[in-house]
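Trainee: The structure under discussion is supplied below as structure tokens; questions concerning it will follow.
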């Protein structure tokens with residue numbers, strides 16, 4: 214895929230952060246979860262609500278393979294998630310993340326294709342060490358109450374992402 218296939222810009226509805234800052238926040242969220250309640254390890258959606266921030270709702274990526282998750286999320290909050298991403302320790306490095314060679318990447322909501330954004334982070338701290346990250350990300354403007362199906366698919370070499378989210382968007386109290 215060419216670099217021009219992705220744009221770097223802030224997803225709609227998210228407070229003024231650049232995409233790299235939002236991606237770093239997502240990584241801090243994902244990496245800080247204990248193994249038993251980690252949303253990324255979760256194959257059902259049971260842990261999707263783990264320590265969600267108040268201004269955006271993060272959906273977890275996966276460690277590859279096929280995953281189907283069912284979860285409830287609040288209306289009125291933008292949603293941010295990786296299509297495919299990677300992070301590494303920034304110890305002794307130039308601070309540049311590894312850009313993954315992506316063969317294919319797509320996300321859609323109820324069958325409608327979503328835009329993807331390429332974001333790299335600056336050095337950030339998570340789990341006691343500096344890290345850098347790269348990824349293709351997508352975002353949803355705040356959803357109205359109802360049922361939605363979000364599909365996320367990507368490949369990089371033999372690594373496969375095939376995630377389906379069944380989202381139950383509920384009114385915010």
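Residue numbers (my numbering): 214 to 386.
Think of the CB as a built atom: it goes at the ideal place given N, C-alpha and C, for glycine as much as any other residue.
Remember, it's a predicted structure, so these values are computed and weren't measured experimentally.
Identify which residue in 342, 291, 371 has its Cα closest to the Cα of residue 241.
Mentor: Indexing the chain shown from 1 puts residue 241 at position 28. Nearest C-alpha to residue 241: 342.
Trainee: Roughly how many whole angstroms lie between the Cα atoms of residue 228 and residue 284?
Mentor: Along the chain shown, one-based indexing puts residue 228 at 15. Along the chain shown, one-based indexing puts residue 284 at 71. Unreliable placement is indicated for residue 228, whose pLDDT of 46 sits below 50; the coordinate value is still reported in the next sentence. Each residue's alpha carbon lies about 24 Å from the other.
Trainee: Taking the alpha helix (DSSP H) that residue 356 belongs to, which residues open and close that run?
Mentor: Position 143 of the chain shown, counted from the first residue, corresponds to residue 356. Where residue 356 is concerned, there is no enclosing alpha helix (DSSP H), given that its DSSP letter is neither H nor E.
Trainee: Measure the alpha-carbon distance for residue 443 versus residue 382 and round it to whole angstroms.
Mentor: Past the edges of the chain, shown from 214 to 386, lies residue 443, and the structure says nothing about it.
Trainee: Between 257, 354, 360, which has its C-alpha nearest residue 294's C-alpha?
Mentor: Taking the chain shown and counting its residues from 1, one reaches residue 294 at position 81. Of the candidates 257, 354, 360, the one whose C-alpha sits nearest the C-alpha of residue 294 is 354.
Trainee: Can you tell which of 297, 346, 231 has the C-alpha that lies nearest to the C-alpha of residue 304?
Mentor: Sequence index remark: in the chain shown, residue 304 carries index 91 (1-based). With distances taken between Cα atoms, residue 304 lies closest to 346.
Trainee: Assuming contact is defined by CB atoms lying nearer than 7 Å, are residue 256 and residue 292 in contact in what I supplied?
Mentor: Locating residue 256 in the chain shown gives position 43, counting from the first residue. Locating residue 292 in the chain shown gives position 79, counting from the first residue. No, Cβ-Cβ distance for residue 256 and residue 292 is not below 7 Å.
Trainee: Taking the C-alpha atoms as reference points, what is the distance between residue 326 and residue 263?
Mentor: Looking up residue 326 in the chain shown gives position 113. Looking up residue 263 in the chain shown gives position 50. One C-alpha to the other measures close to 27 Å.
Trainee: Which full runs of the beta strand (DSSP E) of 3+ residues lie inside the region 342-380, going along the chain?
Mentor: Entirely contained in the region 342-380, the beta strand (DSSP E) runs reaching 3 residues are, in chain order, 342-353, 359-369.
Trainee: In whole angstroms, what separates the C-alpha of residue 254 from that of residue 235?
Mentor: Stepping through the chain shown from its first residue, residue 254 is reached at position 41. Stepping through the chain shown from its first residue, residue 235 is reached at position 22. If I take the Cα positions, the gap works out to 21 Å.
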